[in-house]
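Data first, discussion second: the structure below is written as structure tokens.
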Amino acid sequence: MEGKTEVKLSRKNFLRKSAIGLTGLSFANGLFPVVGKTNNGPLAINKENMISGDTYKIKNVRLETGFEYENGEVVGTKTKLFTVEIASGKIKQVHRNQPQGEGVDGNGLLMLPAFKDMHIHLDKTLYTERWRAVRRIGGVKEIIELEQRTMRDLLKNSTYKAEKLIELLQSFGSSFARSHVNIEPTSKLDALKNLEQALANKKDTFGAELVAFPQHGLYYTESLPYMEEAAKMNIDYIGALDPYTIDGAIERTMDTTIRLALDHHKGIDMHLHEAGGSGIRTIEYLIAKVLENPVLKSKTFVSHAFALGAISKGKQEELAEQLAEAQIGIVSTVPFGNLVMPIPILMEKGVQVTVGNDSIVDYWSTMGTGSVLQKANLAAQLYGYTSEFGLSRMLKLATAGATPLDDKGAIQWPKVGDEASIVLIDASCSAEAVSRISPVKSLVYKGNKVY
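Heads up, the sequence shown is in the UniProt record's numbering, so the first residue is 1 and it goes up one at a time.
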């Protein structure tokens with residue numbers, strides 16, 4: 001799209017300089033070197049600037065302190081340099097800056113909440129393999145057939161590829177992802193087990209939620225026995241796929257999905273690509289069932305939900321109000337083209353909207369970059385959030401809700417006790433970070449220095 005700014009942070013350069021995939025404790029850009037001082041000034045984390053154990057300070061970091069106004073309009077963002085103390089994975093204190101004191105030098109970089117990719121498939125990526133563009137062979141059922149032929153081979157080294165894909169997300173500032181995992185007769189539970197190993201290998205530097213996802217249809221293929229087993233395992237959500245198009249019945253598939261979630265104390269996150277009346281009926285059915293079972297409130301999500309982009313504004317507003325009442329969230333990839341999702345309406349009505357890359361490199365798409373900040377930028381362009389205030393609000397798409405300032409400009413992050421999952425980014429404020437897709441210079445996950 002015109003006006004889009006390319007991220008200048010080289011992925012190849014990041015991976016070459018960082019030992020993130022080997023130890024998770026070597027850091028790019030000189031911000032968190034292991035020993036000694038860099039030529040450009042940032043201090044190492046060593047005995048001199050560590051305080052005790054896992055406690056340390058980052059000085060000269062830029063935090064947002066309020067909005068600047070002209071005639072009642074937000075025209076800028078105020079910032080100051082601070083020293084932030086981290087202990088036991090939490091923000092311990094935010095001090096007046098101590099530029100000559102102990103601590104790691106943040107070099108004036110902007111500190112923001114670490115990003116979260118809330119819809120991705122870490123389990124079946126082709127990332128690290130040779131380049132291949134998507135070959136369109138039909139609809140969802142045809143790609144299911146392709147997966148049935150290829151999944152066993154793909155799973156042979158899926159743990160390694162998942163780790164490399166996680167490193168790509170980290171290099172763009174994401175310390176967390178919600179990953180859907182194939183559960184079907186071809187993969188059985190192997191995709192889940194392989195991904196769990198990758199996440200165990202990255203547990204100190206990356207967090208995740210897992211969705212047991214019947215990618216090949218709950219009843220279209222005999223996936224239910226495997227979903228029953230997966231529901232007993234260490235997953236967080238029960239998934240579903242286009243119940244009418246794939247399984248031929250909305251109620252049967254949705255009732256089973258809801259039963260699995262209730263029986264095993266899980267949430268729900270379903271794929272809904274259907275853009276016609278069946279998509280709307282599925283959303284309405286899910287809303288009704290969640291209202292009948294309030295324990296599912298705030299634990300239920302619809303991914304994609306393309307049907308919301310194909311109805312009148314009045315119907316969009318009506319459904320948005322119902323989704324908000326049921327506390328059902330929408331997870332979007334921010335599609336563009338002929339289908340424009342009503343993300344502003346959903347947000348205005350109080351629906352939790354989050355974003356994800358979905359596919360990075362797989363048989364479904366190669367267009368995902370790994371950056372959810374880019375998704376926030378795209379949403380800002382699509383919906384006209386180009387003012388200082390609007391851009392700053394779009395940051396919540398990349399962070400799954402957190403922003404340094406609330407709508408009135410009061411400081412709401414970071415606060416003492418907040419999880420110390422942060423990015424340091426080369427921008428003057430969050431509005432610039434969204435507008436310019438500013439490069440991430442460092443990532444910390446629960447106090448652990450990722451790079």
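Virtual Cβ for every residue (Gly too), placed ideally from N, Cα, C.
Pair within 9 Å by beta-carbon distance, residue i and residue j
i: Gln352; j: Gln327; result: yes
i: Val134; j: Asp242; result: no
i: Tyr237; j: Phe336; result: no
i: Phe82; j: Arg96; result: yes
i: His273; j: Thr245; result: yes
i: Gly101; j: Val61; result: no
i: Gly217; j: Asp247; result: yes
i: Thr354; j: Ser332; result: yes
i: Pro414; j: Leu63; result: yes
i: Ala177; j: Leu122; result: yes
i: Leu391; j: Tyr385; result: yes
i: Lys57; j: Gly103; result: yes
i: Val416; j: Lys90; result: yes
i: Pro342; j: Gly309; result: yes
i: Ile330; j: Leu112; result: no
Beta-carbon proximity list for residue i, same chain, < 6 Å, skipping 5 on both sides
i: Met233; result: none
i: Leu373; result: Ala398 and Ile437
i: Phe389; result: Val74
i: Leu260; result: Ala231 and Ile238
i: Ala249; result: none
i: Gln197; result: Thr159
i: Thr403; result: Leu395 and Lys396
i: Glu85; result: Lys57, Lys92 and Gln93
Cβ shell of residue i (< 8 Å), same chain only, five flanking positions each side left out
i: Ile235; result: Val181, Leu192, Leu210, Val211, Ala212 and Lys266
i: Val434; result: Leu373, Ala376, Asn377, Ala380, Leu391, Ser392, Met394, Leu395 and Ala398
i: Gly447; result: Asp54, Ile86, Ala87, Ser88, Gly89, Lys90 and Ala420
i: Ala208; result: Leu122, Phe176, Ala177, Arg178, Ser179 and Leu199
Option in the options with minimal Cα separation from residue i
i: Gln148; options: Lys188, Leu122 and Lys299; result: Lys188
i: Leu443; options: Lys375, Leu169 and Leu155; result: Leu169
i: Asp204; options: Asn71, Ala420 and Glu145; result: Ala420
i: His264; options: Thr245, Lys289, Met227 and Glu317; result: Met227
i: Gln381; options: Met394, Tyr363, Leu109 and Ile58; result: Met394
i: Ala275; options: Asn338, Gly329 and Lys415; result: Asn338
i: Ile360; options: Gly417, Lys408 and Lys164; result: Lys164
i: Ser175; options: Thr366, Lys202 and Pro344; result: Lys202
i: Asp117; options: Lys90, Met151, Tyr127 and Gly173; result: Gly173
i: Glu129; options: Ala162, Pro439 and Val440; result: Ala162
i: Met367; options: Met151, Ile120, Tyr219 and Cys429; result: Ile120
i: Ser179; options: Thr150, Phe67, Pro185 and Gln215; result: Gln215
i: Tyr285; options: Leu262, Ile258, Lys299 and Ser298; result: Ile258
i: Asp269; options: Thr369, Lys441, Glu142 and Ala305; result: Ala305
i: Gly66; options: Thr282, Ala431, His271 and Ser365; result: Ala431
i: Gln98; options: Lys59, Leu112, Arg132 and Ile143; result: Lys59
i: Tyr219; options: Leu195, Glu251, Pro113 and Ala208; result: Glu251
i: Tyr127; options: Ser387, Thr369, Glu222 and Ala427; result: Thr369
Own chain, CB closer than 7 Å to residue i, minus 5 neighbours either side, in chain order
i: Ala230; result: Ile183, Leu189, Leu192 and Ala212
i: Leu154; result: Lys124
i: Ile280; result: Ala307 and Ile311
i: Thr146; result: Rather than Thr, the amino acid found at residue 146 in this sequence is Leu. So the qualifying residues of the chain are Ile137 and Tyr363.
i: Ile345; result: Gln316, Glu317 and Ala320
i: Val290; result: Leu296, Lys297, Thr300, Ala326 and Ile328
Burial state of residue i, where buried means 16 or more other Cβ atoms lie within 10 Å
i: Ser312; result: exposed
i: Thr79; result: buried
i: Tyr69; result: exposed
i: Ala410; result: exposed
i: Gln316; result: buried
i: Asp406; result: exposed
i: Asp449; result: Contrary to the premise, residue 449 reads as Lys rather than Asp in this sequence. Buried, by the Cβ-count rule.
i: Gly72; result: exposed
i: Pro439; result: buried
i: Asn357; result: buried
i: Ala288; result: exposed
i: Asn157; result: exposed
i: Glu348; result: exposed
i: Lys408; result: exposed
i: Gly36; result: Any answer about Gly36 is weak, because its pLDDT of 26 lies below 50 and its placement is not dependable; what the coordinates show is given next. With fewer than 16 Cβ atoms within 10 Å of its Cβ, Gly36 is classed as exposed.
For residue i: DSSP bridge partner residues
i: Tyr237; result: Val211 and Gly267
i: Lys59; result: Asp105
i: Thr386; result: In DSSP, Thr386 forms no bridge with anything.
i: Pro113; result: Ile422
i: Lys188; result: Glu184
i: Leu272; result: His304
i: Phe67; result: Thr77
i: Phe176; result: Lys116 and Gly207
i: Phe82; result: Val61 and Arg96
i: Val355; result: Ser332
i: residue 482; result: Because the chain spans 1 through 451 in this model, residue 482 falls outside it and cannot be assessed.
i: Lys449; result: Val444
i: residue 452; result: Past the boundaries of the shown model lies residue 452; the chain is included only from 1 to 451, so the question cannot be answered.
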